[in-house]
Amino acid sequence: MPHVREHVVKGTHGAIAVREWPRPAPRCLVLLVHGYGEHAGRYGELAAVLTGYGAAVYGPDHMGHGRSAGERVVIEDFEDVVTDLHAVADRARAAHPDLPLILVGHSMGGLIAARYAQRYTQEVSALILSGPVIGTWDLPGRLLALDEIPDTPVSPSALSRDPAVGAAYAADPLVWHGPMKRPTLEAFVRTLETVARGGAAGELPLLWLHGDDDRLVPLPGSRAGVERLSGGRLTEQIFTGARHEVFHETTKERAHTAVIRFLDAVLPH
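All residue numbers for the sequence shown refer to full-length UniProt numbering, where the first residue is 1 and numbers rise by one.
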């Protein structure tokens, strides 16, 4: 694994903890945008693949997640998370000016990355979405209809067919293992609508990766959102039998290869 540096960036609601996986003389910058309840530190293996390719990689913990400030898993407005992510991008660009910027967003991070691409289209060179919360996602509405949000955490077995992934997730003290919070669910609903209204993110090259056995963020719901966001430069790879986390699946090498091939195709040589 590559060496990891740690930074703190001033966020909209407090300190944002950022991991940097450095690369001498990088050819591009990558922002890793993690999902709900987790943290950027779970993506060290993907970061190693990307630094091996030639990227300097930065991964913030969103507000209320990981080592960042805020009430656990409470996000009242995803626009603030996008603003925080932009501050991290500014930090990366200050260290490495004039390099293409690629966003890799997983699950909730896919929603954040999609909205970032809409707000800052001219600053992004490519977008990679893994099991993204985009398009139609019924879970927030179902939970908000209840008088009380059930204390049902994410099942580790829903993440990957590799039992070691679930075991590590269950034992990770930086992962949230409690119920979803009502303000965050409400913010999901609003931001799904905002991204849908925002339309295509220009002609941005987009790679979409999804497991066809994803029960947390079902593939059909994401498809409409991904196709609406794409300006026609869409590459997709659907992994048969894979669950929610294709970068932690038993076929993760295929996901890594898809990412590298995509970057080779869209970045200048």
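The beta-carbon is built from N, C-alpha and C at its ideal position, and this holds for glycine as well.
(request) Using beta-carbon positions only, say whether VAL88 and VAL9 come within less than 8 Å of one another. (result) Taking 8 Å as the Cβ cut-off, VAL88 and VAL9 qualify as a contacting pair.
(message) The alpha helix (DSSP H) that contains PRO22, what's its start and end?
(response) For PRO22, there is no enclosing alpha helix (DSSP H), as DSSP gives it neither H nor E.
(request) List in chain order: all unbroken beta strand (DSSP E) runs of 3+ residues lying wholly within the stretch 201–227. (result) Every unbroken stretch of the beta strand (DSSP E) spanning 3 or more residues and falling wholly within the stretch 201–227 is given here in chain order: 206–211.
(request) Could you check the C-alpha separation between PRO22 and GLY221 for me, to the nearest Å? (result) 36 Å
(request) Just the C-alpha distance for HIS39 and VAL33, rounded to the nearest angstrom, thanks. (result) 9 Å
(request) State the beta-bridge partners of ALA56 as determined by DSSP. (result) In DSSP, ALA56 forms a bridge with LEU29.
(request) Assuming GLY231 contacts ALA201 (C-beta within less than 8 Å), just tell me the rounded distance between them. (result) 7 Å
(request) Ignore the nearest five residues each way along the sequence and tell me which others in GLU82's own chain have a CB closer than 7 Å to its CB. (result) Reading the sequence as shown, one finds Val at residue 82 and not Glu. Result list for VAL82: ILE112, ARG115, TYR116 and ARG119, in chain order.
(message) Taking 6 Å as the limit between beta carbons, can you name the residues of its chain near HIS62, skipping five residues before and five after?
(response) VAL81
(message) For ASP214 and LEU204, what's the separation of their Cα atoms in angstroms?
(response) 26 Å
(message) Is there a C-beta anywhere in chain D that falls below 8 Å from the one on ALA167?
(response) Of the protein chains in this structure there is only one, and it is not chain D.
(request) Throw me the rounded Cβ distance for the THR184 and VAL73 pair, which I believe falls under 8 Å. (result) 6 Å
(request) Given a cut-off of 8 Å, decide if ALA92 and TYR58 are closer than it, judged by their beta-carbon atoms. (result) yes
(message) According to DSSP, is ILE112 part of a helix, a strand, or is it coil?
(response) Helix.
(request) Using beta-carbon positions only, say whether ILE134 and VAL226 come within less than 8 Å of one another. (result) Cβ atoms of ILE134 and VAL226: closer than 8 Å.
(request) Could you round the C-beta distance between LEU219 and ALA158 to whole angstroms and report it? I think they count as a contact, below 8 Å. (result) Not confirmed; about 14 Å, so no contact.
(request) Evaluate contact between the stretch 142–155 and the stretch 170–183, counting only Cβ atoms and requiring at least three cross-stretch pairs below 8 Å. (result) Counting C-beta pairs closer than 8 Å gives three or more between the stretch 142–155 and the stretch 170–183, which meets the contact rule.
(message) Would TRP208 and LEU192 qualify as a contact pair, given that the criterion is a beta-carbon distance under 8 Å?
(response) No. Outside cutoff.
(request) Quick one: grab the DSSP three-state call for GLY35. (result) coil
(message) Am I right that ALA56 and HIS96 are in contact with their C-beta atoms under 8 Å? What's the rounded C-beta distance?
(response) 6 Å
(request) Quick one: measure Cβ to Cβ for CYS28 and GLY70, integer angstroms, because I've assumed they're closer than 8 Å. (result) Not really, about 30 Å apart at Cβ, beyond 8 Å.
(request) Compute the beta-carbon to beta-carbon distance between ALA187 and PHE262, rounded to the nearest angstrom, for a pair I have assumed lies under 8 Å. (result) Contact doesn't hold; Cβ gap of about 30 Å is too wide.
(request) Can you tell me which of the three DSSP states GLU76 falls into? (result) Collapsing the DSSP output to three states places GLU76 in coil.
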